[in-house]
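Each residue of the sequence shown is one higher than the one before, counting from 694 in this note's numbering. Where is the CB? At the ideal position from N, CA and C, for every residue including glycine. First up is the structure itself, then whatever we jot down about it.
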Amino acid sequence: MFGALKEYLNVVVALLVEIVLNTLLLLFSPLVYLYSRWGGYGNRMKRRTPLPAVPRSVFITGASSGVGEALAYEYCKRAQKAGVKDLHLFLTGRNVERLQTVCEQCRALGAAAVEPVSVDVTDAAGMREAIVKANAQKRLELVIANAGVSASNTALHDKPKQGALGYERSQYILDVNVYGALYTLWPALDCMTADGKGGQLVINASIAGYFAGPMFLSYSASKAAARFYGEGLRTAMAPLGIRVNTVLLGFVESRMTAYIKEKQGGLPFGKGAEEAAQALASRIARDEGIIEYPFWPFGLLGQVYNALPPLVREAIWNRGVGTVVAKALAKARRRQERQQRAPAGKEAEQRAVDGREDTANEAAVNLEQKYVYRTLEQWM
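Shown next as structure tokens:
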């Protein structure tokens, strides 16, 4: 009894200490921000290497759709408005036909040169060759690592109907979202530091990087990695005159969020890609280190969530996930009972419809797994 009481008191004390420390940090954070903005090294670097009003050479990955496509159009419009006649765009994308259409539209918007780049962002050698070649044609001033993939994935399965523990999908998400970004940034850094003129790098992460969500674990982890890498790289590159901006997006209209829109009947607090591109381009031009868009409610919720003690965050997820799993199991058991009461022919017919080949002895276990996985994915 005393052991349990001691453990409980330790937890309470730890929570109180974390709450007090977080409160103090929040109170002093405005002073830290003001110093870094106007009195710190970052401000001296800003005066030494001013940003161009409109970049004249931009490399964007994942530009065949969504935010990447919208950013390409936005920089064309800004160049045209500012009277910049020599804008060069280098655009990559998985959909070659769609990428060609985007390039044609950029030319129609006044870009001097638009080059579609056929390269996989997970190919380190290919990305280095593409960026070095682009830099040789027109010195790169802005490189945006935008390419990414999304999926509701617990990292526990790839084939829930078979109950298999597969990791291929998780590996793919991490390869594209983490290494795809790094393979874009590293050669760009080499090009920008070679002549000492600096430049600007943008990493498109996600608000999901704030949340350790078990239903989108691989995606969340990949975006958290991108976020922290971007934050650290910004400080590391400041002495070299290279600015690094990390974008944390909420729900924005794109092919990536299409399945969420379909399942939920819309995007909660979602923004259009064009609207998002306008906001991002403006904030990139202002050199904001972390760009949360939209700030309400996703950015605010992310900051509040991360300020919570770890035990509270864990309790929130345990409560939410536990409720969802309990409902999924109850639904699976009810269906299993109905199948057991159904005639043999009907049961076989239902298994055929579900696409399951498991035996009758495995049916109960696999059915529960299947519905838990499906419910978790829908809950994402």
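Going by the beta-carbon positions, is the gap between L867 and S811 smaller than 8 Å? For L867 and S811, no; Cβs fall outside 8 Å.
Buried versus exposed, by CB contacts within 10 Å (16 or more), A848: With a pLDDT of 46 at A848, under the threshold of 50, the predicted position of this residue should be treated as unreliable, though the coordinate-derived value follows. Buried, because 16 or more other Cβ atoms sit within 10 Å of the Cβ of A848.
Count the C-beta pairs between the region 760-774 and the region 782-799 that are closer than 8 Å, then say yes if the count reaches three, no if not. Short answer: they touch.
Give every residue of the same chain whose Cβ lies closer than 7 Å to the Cβ of R787, excluding the five residues on either side of it in the sequence, and list them in chain order. The residues are S757.
Reference A902; option with closest CA among V705, L708, E985 and L780: The residue asked about is misnamed: residue 902 is Gly in this sequence, not Ala. The option with the nearest alpha carbon to G902 is E985.
Could you check which residue in A1000, N715, Y860 and Y872 has the C-alpha nearest to that of A818? The shortest C-alpha separation from A818 is found at Y872.
What's the C-alpha gap between G889 and I896? Note on geometry: alpha-carbon atoms of G889 and I896 lie some 21 Å from one another.
L719: buried (16+ other C-beta within 10 angstroms of its C-beta) or exposed? If you draw a 10 Å sphere on the C-beta of L719, you find fewer than 16 other C-beta atoms in it, and that means exposed.
Can you find the residues in the same chain that come closer than 6 Å, C-beta to C-beta, to G943, ignoring five residues on each side of it along the sequence? Once the five neighbours on either side are set aside, the close Cβ partners of G943 are I900, P987 and F991.
First through last residue of the beta strand (DSSP E) which encompasses G759: It is not in any beta strand (DSSP E) - G759 instead sits in the alpha helix (DSSP H) that spans G759 to A775.
Report the residue from R979, F909, R920 and T928 whose alpha carbon sits nearest the alpha carbon of W1108. Residue coverage of the chain in this structure runs from 694 to 1073, which leaves residue 1108 outside it and unanswerable.
Along the beta strand (DSSP E) that carries Y986, what are the first and last residues, could you check? The continuous beta strand (DSSP E) containing Y986 extends over residues I983 to Y986.
According to DSSP, G892 sits in a beta bridge with which residue or residues? DSSP output for G892 lists I935 as bridge partner(s).
Less than 8 Å between the beta carbons of G923 and V937, yes or no? Yes, the Cβ-Cβ distance between G923 and V937 is below 8 Å.
Taking the alpha carbon of V713 as the point to measure from, which residue in A1000, E1007 and R1028 has its own alpha carbon closest? Per the Cα distances, A1000.
Grouping DSSP H, G and I as helix and E and B as strand, with all else coil, what is E834? Reduced to three states, the DSSP call for E834 is coil.
Are the Cβ atoms of A881 and T754 separated by less than 8 Å? For A881 and T754, no; Cβs fall outside 8 Å.
Along the beta strand (DSSP E) that carries A746, what are the first and last residues, could you check? Going by DSSP, A746 is part of no beta strand (DSSP E) at all; its letter is neither H nor E.
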